[in-house]
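Written below as structure tokens is the structure these notes are about.
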Amino acid sequence: MWNAEKDEALRKFSEYPFSSDEVFQQGLIGILEHASAQSISEQERSDLQLRTQLFYFNRQTECDLSLDDVRSLTTEISLPSNSMPGPFTPSTREDPEFPPQINEDAQPPRVLNFVELKALIESGNTENIPHNKHIPDQVNECIPSRSNAPVRKKPWEAASPSVAI
């Protein structure tokens with residue numbers, strides 16, 4: 193795949209609505225949260241974001257773009273627009289094509305030791321525990337539905353020809 197097919201795939205990649213794709217956004221947030229816990233640089237973060245976009249795009253469109261192809265697209269985009277061929281348009285970090293960045297100033301939640309965790313629970317301040325999710329008391333308020341599936345026959349009830357001796 194080169195010339196026309198690759199150019200078409202690169203055009204689709206540059207126009208793909210990553211910022212409005214909720215499944216992609218949820219996955220990206222999870223990946224970036226994990227990466228922020230490892231204290232990576234801004235360059236590594238943008239590279240991770242580009243690789244995530246490429247992986248997701250290849251999965252969704254069944255294209256086979258490589259990271260080098262996409263990087264060549266981004267270098268073409270960074271050139272002046274008069275030297276750029278075809279339908280590609282320059283884009284910047286402020287474009288809606290790029291998902292929103294996680295606040296760089298926000299510190300990742302600190303890991304609490306057992307004593308701190310115990311003190312928060314005893315004082316009733318469970319909302320201050322990182323990654324603590326509220327679980328409702330009831331499972332489901334809806335009335336359960338009836339099964340439409342037929343009752344499964346037991347092996348000795350199965351319709352098999354019986355041999356009379």
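Converting from the sequence shown to the working numbering requires adding 192 to each position, the first position being numbered 1.
Quick reminder that beta carbons are idealized off the backbone N, C-alpha and C, glycines included.
A direct Cα-to-Cα measurement between K345 and S339 gives close to 16 Å.
Contact between V262 and F205 is confirmed by a C-beta separation of about 6 Å, below the 8 Å threshold. If you draw a straight line from the Cα of E207 to the Cα of Q235, it is about 23 Å long. Under the three-state reduction of DSSP output, G316 falls in the coil class, being neither helix nor strand. Ranked by Cα distance from L240, the options L259, V307, L265 are led by L259. Separation of the CB atoms of L257 and L202 is rounded to 7 Å, and the pair is thereby assigned contact status at 8 Å. F249 counts as buried, since no fewer than 16 other beta carbons sit within 10 angstroms of its beta carbon. Within the stretch 224 to 273, the complete alpha helix (DSSP H) segments at least 4 residues long are 234 to 253, 259 to 270, listed from N- to C-terminus.
In the structure shown, the three-state DSSP call for A196 is helix.
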